[in-house]
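Peer 1: Heads up, the sequence shown is in this note's numbering, so the first residue is 325 and it goes up one at a time.
All residues carry an ideal CB built from backbone N, CA and C; glycine is no exception.
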Amino acid sequence: MDRAVACATSSSSSYLLITCRNKVLKMLVVEDKAGAVALMLASLLLLGTWPALLTLLERRGRLPQHTYLDYSLTNFLAAVLIALTFGQIGAGEPDFFAQLSQDNWPSVMFAMAGGVVLSVGNLSTQYAWAYVGLSVTEVISCSMVVVIGTTLNYFLDNRINRAEILFPGVACFLVAVILGSAVHASNSADNEEKLRASGLEEPSKQVLDKVSDAPKDLENGSSGAKLAPSSKAEAGTAEYLIQLEERRSIKVSSSSTLFGLGIVFFSGVCLSLFSPAFNLATNDQWHALPAGVPHLAVYTAFFYFSISCFVINVGLNVLFLYRPVAGAPKSSLRAYLKDWKGRHWALLAGLLGGFGNGLQFMGGQAAGYAAADAVQALPLVSTFWGVLLFGEYRMSSRRTYILLGLMLFMFVAAVAVLMASSGHRSNK
């Protein structure tokens, strides 16, 4: 009898519950390639949007320590919601609560290690955004994730993805990172020319002089230098660049670009390892689990993954409140609790990041984590927000626009090729 009909006509309440529940399981556990690709695309949108929200707050003067503490709360909340919903009714047997008491600590440790490197990598990118911009930071770090992480996942997944398609996609990302560096160099030269043309021979010194009276200790919960009540400058102009430097929470005008790029590459190495670690947690390729213990469901692994993210994020950012880095002012827990300016955006960013990661892992478990790395094309989304919200690349040279167009084209090609390489994980 058709399962839907059985649900409607069975006189046995227990049979009704079981058959309907089984039907829900089929709907929630993604097993086909089309469903996996849909999850990847949704993840791509979410993961490309939350960095723009955090960048928006930094450019408005909110301390990154305050923002990231808010982000961490809702990021962990997303994992809890996924575990208590999909993990209970969509993960099969055993469910989320049953797995919490099983002897699966080797897999748990892999999941938590993935959370540690992700949190350190994401925290590094937040400071890198201030030095080299949202678009270039995301391009370089995400391309490194694909080149390193996808290669590791391909072998961990027992080559279920088509190598003849997968690795050309990886090559596209590698070309994109080179173009991303060229875009940043070209745009920086454009900005320097704008400042020289405006009569600011030493813009870094003049900008720093203007913000020298900004509070260095934010015990009162303020967010940094305030803009003068003059009219807002047009995006892309020299005046806009100066106003941005006055207002933002991280002062970078006198800092070396190489320092910012160093942060980006460190972040890329960290972010390259979180997906392979999660892969090991859910599929136990190294046979670390005791005999007879089921593999961690993706929802359970994501819960443990997010616990370590939360602990590292909170611990480091509380430390950075009192011992700030990258030129951010000193703060305190009291100042953080009083700082409500933009908090709703930080909380929303945490939800977007949490659900984005969850969807990426769900798609990777179905079609291979190497193909799921296609979500690292999130700079496509971040660049859109960077241009729309922050005026990045406004009034730049033709050379910069050509390089930017080539970079985005390579990302579009890369994401299409990686998704085309999707395979199907055989049931254990």
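By Cβ distance, which residues of its chain are closer than 8 Å to glutamine 426, with the 5 residues on each side in sequence left out?
Peer 2: Pro418, Val617 and Pro618
Peer 1: So, do the segment 462 to 479 and the segment 583 to 600 have three or more beta carbon pairs nearer to each other than 8 Å?
Peer 2: yes
Peer 1: Would you identify the three-state DSSP class for lysine 518, choosing helix, strand or coil?
Peer 2: helix
Peer 1: How would you write the range of the alpha helix (DSSP H) that arginine 723 sits in, first residue to last?
Peer 2: 722 to 744 is the extent of the alpha helix (DSSP H) around arginine 723.
Peer 1: Could you compute how far the alpha carbon of threonine 474 sits from the alpha carbon of valine 741?
Peer 2: 13 Å
Peer 1: Check whether the segment 706 to 715 and the segment 371 to 389 are in contact - that is, three or more C-beta pairs closer than 8 Å.
Peer 2: yes
Peer 1: Measuring only the C-alpha atoms, how far is tyrosine 455 from phenylalanine 685?
Peer 2: 30 Å
Peer 1: Determine the direct distance from the alpha carbon of tyrosine 395 to that of serine 753, and round the result to whole angstroms.
Peer 2: Within the shown structure, residues of the chain are numbered from 325 to 752, placing residue 753 beyond reach of any answer.
Peer 1: Name, in chain order, the residues that DSSP records as bridge partners for lysine 357.
Peer 2: DSSP, once it has assigned bridges, lists no residue as partnering lysine 357.
Peer 1: Would you mind sorting tyrosine 392 into buried or exposed? The rule is 16 or more other CB atoms within 10 Å of its CB.
Peer 2: When all chains shown are included, tyrosine 392 counts as buried.
Peer 1: Quick one: give me the first and last residue of the alpha helix (DSSP H) that alanine 659 is part of.
Peer 2: From DSSP, the alpha helix (DSSP H) with alanine 659 extends over 657 to 662.
Peer 1: Going by alpha carbons, who is nearest to serine 512 out of Glu558, Gly493 and Ala562?
Peer 2: Ala562
Peer 1: Helix, strand or coil for valine 638? Go by DSSP, reduced to three states.
Peer 2: If DSSP states are grouped into helix, strand and coil, valine 638 belongs with the helices.
Peer 1: Which one of Gly586, His668 and Val404 has the shortest CA to CA distance from alanine 452?
Peer 2: Ranking the options by Cα distance to alanine 452, first place goes to Gly586.
Peer 1: Compute the beta-carbon to beta-carbon distance between alanine 738 and alanine 500, rounded to the nearest angstrom, for a pair I have assumed lies under 8 Å.
Peer 2: Between alanine 500 and alanine 738 the Cβ distance is about 6 Å, and since that is below 8 Å, they are a contact.
Peer 1: Which one of Phe400, Gly438, Leu381 and Ala495 has the shortest CA to CA distance from valine 736?
Peer 2: Ala495
Peer 1: Can you give me the Cβ contacts of serine 745 inside the same chain, cut-off strictly under 6 Å, excluding the 5 residues immediately before and after it?
Peer 2: Asn485, Arg486, Ile489, Leu490 and Ala695
Peer 1: Mapping the DSSP letters down to three states, classify isoleucine 489 as helix, strand or coil.
Peer 2: helix
Peer 1: Judging by CA-CA distance, which residue of Leu613, Trp669, Leu380 and Ala407 is the nearest neighbour of methionine 433?
Peer 2: Leu613
Peer 1: Please work out which residues of its chain come closer than 8 Å, Cβ to Cβ, to leucine 727, disregarding the five sequence neighbours upstream and downstream, and give them in chain order.
Peer 2: So the list reads Leu503, Ala506, Val507 and Ser510, once near-sequence residues are dropped.
Peer 1: Nearest to valine 361 by alpha carbon, out of Leu732, Gly692 and Arg723?
Peer 2: Gly692
Peer 1: Taking the C-alpha atoms as reference points, what is the distance between tyrosine 628 and alanine 402?
Peer 2: 12 Å
Peer 1: From the DSSP output, in three-state form, read off asparagine 607 for me.
Peer 2: helix
Peer 1: List the whole-angstrom C-beta distance separating aspartate 608 from serine 431, where the pair is believed to meet the contact cut-off of C-beta under 8 Å.
Peer 2: 6 Å
Peer 1: How long is the line joining the alpha carbons of valine 642 and glutamine 389, rounded to whole angstroms?
Peer 2: 7 Å
Peer 1: Note the first and the last residue of the continuous alpha helix (DSSP H) segment covering aspartate 778.
Peer 2: Residue coverage of the chain in this structure runs from 325 to 752, which leaves residue 778 outside it and unanswerable.
Peer 1: Considering only C-alpha positions, which residue in the set Leu442, Ala376 and Leu368 is nearest to isoleucine 636?
Peer 2: Leu442
Peer 1: Starting from glutamine 426, trace the alpha helix (DSSP H) in both directions and tell me its first and last residue.
Peer 2: Per DSSP, glutamine 426 belongs to no alpha helix (DSSP H) and is neither H nor E.
Peer 1: Just the C-alpha distance for cysteine 633 and asparagine 681, rounded to the nearest angstrom, thanks.
Peer 2: 12 Å
Peer 1: Can you find the residues in the same chain that come closer than 6 Å, C-beta to C-beta, to phenylalanine 644, ignoring five residues on each side of it along the sequence?
Peer 2: Gln389
Peer 1: If you follow the alpha helix (DSSP H) that isoleucine 413 is in, where does it begin and where does it stop?
Peer 2: Element bounds for isoleucine 413: 388 to 413.
Peer 1: Could you give the residue range of the alpha helix (DSSP H) that holds threonine 475?
Peer 2: 475 to 480
Peer 1: Under a Cβ-count criterion, where at least 16 other Cβ atoms within 10 Å of its own Cβ denotes burial, should tryptophan 664 be classed as buried or exposed?
Peer 2: exposed
Peer 1: Would you decide whether leucine 657 is buried or exposed? Buried here means 16 or more other CB atoms lie within 10 Å of its CB.
Peer 2: exposed
Peer 1: Between glycine 715 and tyrosine 564, is the Cβ-Cβ spacing less than 9 Å?
Peer 2: yes
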